Amino acid sequence: MKDTPDILCIGSVLWDVIGRSGAHMRIGADVPGRITRIPGGVAMNIAMTLRRFGLTPALLTSVGRDAEGDELVAECARLGMITDHVYRSEDLPTDRYMAVEGANGLIAAIADAHSLEAAGGKILRPLEEGGLGRPGAPWRGPIAVDGNLTESLLAEIARSAAFATADLRAAPASPGKAERMLPLLDHPRATLYVNLEEAGLIVQGRFDSAQEAAAALAARGAHRVLVTNGGRAAAEDGAFGARTAAPPEVLVTRVTGAGDTFMAAHIAAEWRGESPDEALHTALRAAADYVSGDVPS
């Protein structure tokens, strides 16, 4: 494995506990299914997809010095990620995410990323103290950031000299954390990846299409934004022009991690030199393959 990362993934790295059933489910449903525990979190999901496309990511996150944390860090390293810069807390437990999915999609989810939030700026020290950057010589490559970071830390990132030359890519992590993206909305080097609901929450509006939402975010000052809308057309607007594309039609077998897969595949496509139109199609295909179950968790 390479010692030098191609990209930094900053945000949640935790254990995903996911219950899936082939039945349509409503609130209060009690049905048979399967429960799995796999490495997850937005930063982790992005890193795993980047690995599938041949990039080497480094993780900047908080993981507890508990048994679950030791197991998680070991699994990240086995998957080909650089874990040397992970902040290991003595007193904070390893974070977890729990979701229930049915044939009709995501039923409910809870993200327990309190340790990441409590660690705060400690996870960024490698960018400031020489591990990955230092004053006067900041990191110059791509950085993927997720909305499990607090709004105050995202605001710090938006104005920090440590990120001034980076190709910054950001996603909210969930609709409930969409408004945390506000400090990055008008960042001159940030690309935002959101779904239709998240776009509406960021600008306090309602949209009927991804194209309409992307245009509204660009009008509000977004340098570049990509908006997905499930199985409907996705859209891009901003610095590289406006475009839309429809995802392939597939049978949906899972949804958790689909947006992360889209974002990572798009980053990887542009890393390979694909045009904006090509990169959008590549990302939609990768996300479709993921939700159909053709890509392993």
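Numbering (our numbering), first residue to last: 1250 to 1546. Just so it is clear, CB atoms sit at the ideal spot from N, CA and C, and this is done for glycine as well. What you are looking at is a predicted structure, and each value in this text was computed from that prediction instead of being measured.
As a quick exercise: from the options, pick the residue whose alpha carbon is nearest that of residue i.
i	options	result
A1484	V1443, D1319, E1523 and R1408	V1443
P1288	R1327, G1380 and G1425	R1327
E1400	L1431, D1486 and A1413	L1431
D1361	G1260, P1525 and T1298	G1260
I1372	R1283, A1278 and A1292	A1292
H1334	S1423, T1414 and L1257	L1257
S1364	L1398, W1388 and P1387	L1398
L1434	I1331, R1469, A1464 and E1405	R1469
G1454	E1428, T1502 and A1439	E1428
G1425	V1544, E1405 and G1449	G1449
Y1346	D1319, T1285, T1332 and H1436	T1285
Taking the DSSP output, what are the residues bridged to residue i?
i	result
M1347	V1266 and I1359
D1395	A1420
C1258	L1308 and A1393
G1289	L1263
I1331	A1307
L1441	A1419 and V1474
I1372	Note: I1372 sits in no beta bridge, so no partner.
A1463	For A1463, which the question treats as bridged, DSSP gives no partner whatsoever.
T1493	A1484
G1354	G1351
R1383	A1386
I1284	G1268
G1313	S1338
Can you check whether the CB of residue j is closer than 9 Å to the CB of residue i?
i	j	result
T1510	A1459	no
A1323	H1273	no
P1441	L1402	One point to set straight first is that residue 1441 is Leu, not Pro, in the sequence displayed. No, the pair does not count as a contact, with Cβ atoms beyond the cut-off.
G1490	Y1539	no
E1350	G1268	yes
L1263	T1343	yes
A1393	I1516	yes
T1305	G1290	no
A1482	R1473	no
E1308	D1255	Note on identity: in this sequence residue 1308 is Leu, with Glu being the wrong assignment. No, the Cβ-Cβ distance between L1308 and D1255 is not below 9 Å.
A1358	I1276	no
If you follow the beta strand (DSSP E) that residue i is in, where does it begin and where does it stop?
i	result
V1322	No beta strand (DSSP E) holds V1322; the alpha helix (DSSP H) holding it covers A1316 to R1327.
S1338	Y1336 to S1338
G1487	R1481 to G1487
Assuming residue i contacts residue j (C-beta within less than 8 Å), just tell me the rounded distance between them.
i	j	result
R1408	P1391	The pair is not a contact, with the Cβ atoms about 19 Å apart (cut-off 8 Å).
L1376	G1382	5 Å
A1464	D1486	5 Å
With residue i as the anchor, note down where its alpha helix (DSSP H) starts and where it stops.
i	result
T1531	P1525 to S1541
I1406	E1400 to R1408
D1509	A1507 to W1520
For chain C, is any of its Cβ atoms less than 9 Å away from the one on residue i?
i	result
R1275	Although the question refers to chain C, the structure presented lacks it and comprises just one protein chain.
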